[in-house]
């Protein structure tokens with residue numbers, strides 16, 4: 002591949018329940034700090050969630066926050082942070098050549114639920130329904146708010162991909178750079194889902210919502226006593242550019258995109274499928290021209306549901322069963338499931354491995370489920386792995402959507 | 007409501023709608039939109055708040071009458087005289 006086809010990550014902006022920048026986030030993942038807290042939601046009452054504490058006023062006016070959405074605020078914060086992190090001067094950038102591609106699990110539920118509640122307070126008089134409803138709920142809202150805030154005139158849209166969306170946002174950015182449609186992509190994923198009761202109620206009613214007396218222990222993938230998902234908000238947006246432009250400006254390169262894949266189970270609305278997940282990983286490996294043994298770390302999607310975790314473990318056993326050197330970990334055990342942000346955010350939590358040679362663990366494994374007994378699963382304490390060169394990042398979602406992204410430690414050759 | 011109370015009430019609504027604006031020197035006889043950042047969607051928020059808080063329905067043809075603070079007082083006085 003030429004340097005115009007090679008795509009690299011040169012900026013990271015994120016907000017997570019346990020950190021609002023990549024340095025703090027990494028530090029907390031290596032020191033076992035959970036971001037899961039008690040949370041009260043309308044109708045349902047007390048539950049648990051991962052809540053972000055970034056300051057939206059860092060990049061927005063109060064009025065922008067009032068007019069827009071939480072997903073918009075998360076996106077604006079992450080996109081600005083990514084640009085600052087990349088050291089690119091936005092003022093000097095041709096903003097017609099910047100694309101904004103943001104993965105979302107869903108959008109509009111929060112705003113619609115708020116309005117329906119508001120309506121109930123005014124005897125269902127539809128004249129009290131806000132005129133802001135449509136701009137808040139159009140599916141491009143989170144990406145559109147970024148363009149309004151940063152005066153970006155290139156293309157923007159969101160990519161609806163359930164919980165596989167974060168990887169898909171990045172993949173879209175990579176593709177648009179390779180097609181020459183843009184010169185810089187702000188790409189990743191966000192989620193505001195904790196602000197609607199519906200997602201909690203639906204998971205609870207299907208027996209998939211985590212409950213635990215200690216919030217920090219509630220998200221426990223691979224543990225025998227795991228009982229469901231902790232729903233979280235969050236966001237992670239990357240600056241992606243062609244290697245040629247990154248080298249020309251002497252940019253810090255966090256990673257190179259080595260390969261990716263996406264496929265569909267075509268089987269069920271909700272249930273995952275181990276076979277298709279394995280196929281997706283193998284397809285990504287094939288596109289990256291890598292053997293399983295070359296992957297140093299698999300960051301799992303596992304959400305702490307009894308069935309889902311086993312399905313992914315079986316897929317990993319199938320693909321990496323013969324690899325002795327592939328470590329496996331999980332980031333949701335710290336921050337819960339950040340939905341549309343999950344893939345992008347969890348990748349960011351692991352990029353530090355390229356520099357520090359550490360693998361952050363999956364925490365809260367008090368009794369490892371025998372069905373999840375993966376070779377080289379890094380449990381409860383970080384592992385000093387030495388050299389990490391390739392990371393494979395899994396992300397799967399409802400309706401049988403799978404996405405896999407492989408990133409490589411940057412090496413100019 | 008007295009005229010002053012009506013003015014204060016409108017300014018309270020505007021403060022919610024334009025939270026970044028400085029309302030300390032609003033001139034009552036000059037259009038609000040000329041003094042602070044207030045677009046048509048914001049103006050509709052004022053109409054909405056009057057509906058929600060005081061059950062006052064302002065027909066579209068009357069919107070212009072609410073463009074200044076004094077205009078608001080004139081227009082709303084009969085609606086709010088017994089409140």
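Chains as they are written, first to last, in this note's numbering: chain A, 2 to 414; chain B, 7 to 89.
Heads up, the beta-carbon is just placed ideally off N, CA and C, and yes, glycines get one too.
Secondary structure at residue 236 (chain A): strand, using DSSP grouped into helix, strand and coil. Assigned with DSSP and collapsed to three states, residue 310 (chain A) falls in helix. In the structure shown, residue 162 (chain A) adopts coil according to DSSP, grouped into three states.
Contact annotation, residue 381 (chain A) with residue 222 (chain A): C-beta distance approximately 12 Å; criterion of less than 8 Å not satisfied. For residue 44 (chain A), no alpha helix (DSSP H) encloses it, and the DSSP letter there is neither H nor E.
The stretch 370-387 of chain A and the stretch 345-361 of chain A touch, with three or more beta-carbon pairs separated by less than 8 Å. For residue 134 (chain A), not one C-beta of chain B is nearer than 7 Å to its own C-beta. For residue 197 (chain A), no Cβ of chain B is located within less than 7 Å of the residue's own Cβ.
When DSSP reads this structure, residue 51 (chain B) sits in no beta bridge, so it has no partner.
For residue 230 (chain A), the closest alpha carbon among the candidates A:22, A:208 and A:263 is that of A:208. Look at residue 113 (chain A): its C-beta is not under 7 Å from any C-beta on chain B. Chain order gives the chain A residues near residue 24 (chain B) as 64, where near means a beta carbon separation below 8 Å. By the neighbour-count criterion, in which 16 or more other beta carbons inside 10 Å mark a residue as buried, residue 31 (chain B) falls on the exposed side. Chain-ordered listing is empty here: chain A has no CB closer than 7 Å to the CB of residue 13 (chain B), the nearest sitting near 22 Å. Rounded to whole angstroms, the gap between the alpha carbons of residue 85 (chain A) and residue 239 (chain A) is 11 Å. For residue 29 (chain B), no Cβ of chain A is located within less than 7 Å of the residue's own Cβ. With contacts defined as CB atoms closer than 7 Å, residue 101 (chain A) and residue 217 (chain A) fail to qualify as a contacting pair. Between the beta-carbon of residue 16 (chain A) and that of residue 235 (chain A) there is about 6 Å, and that keeps the pair under the 8 Å contact cut.
Cβ proximity to chain B below 8 Å picks out nothing from the stretch 73-96 of chain A. Annotation: the continuous beta strand (DSSP E) that includes residue 397 (chain A) extends over 391-398. Counting the other Cβ atoms within 10 Å of the Cβ of residue 36 (chain B) gives fewer than 16, which makes it exposed.
Each residue's CA atom was taken as its position, placing residue 296 (chain A) and residue 213 (chain A) some 34 Å apart.
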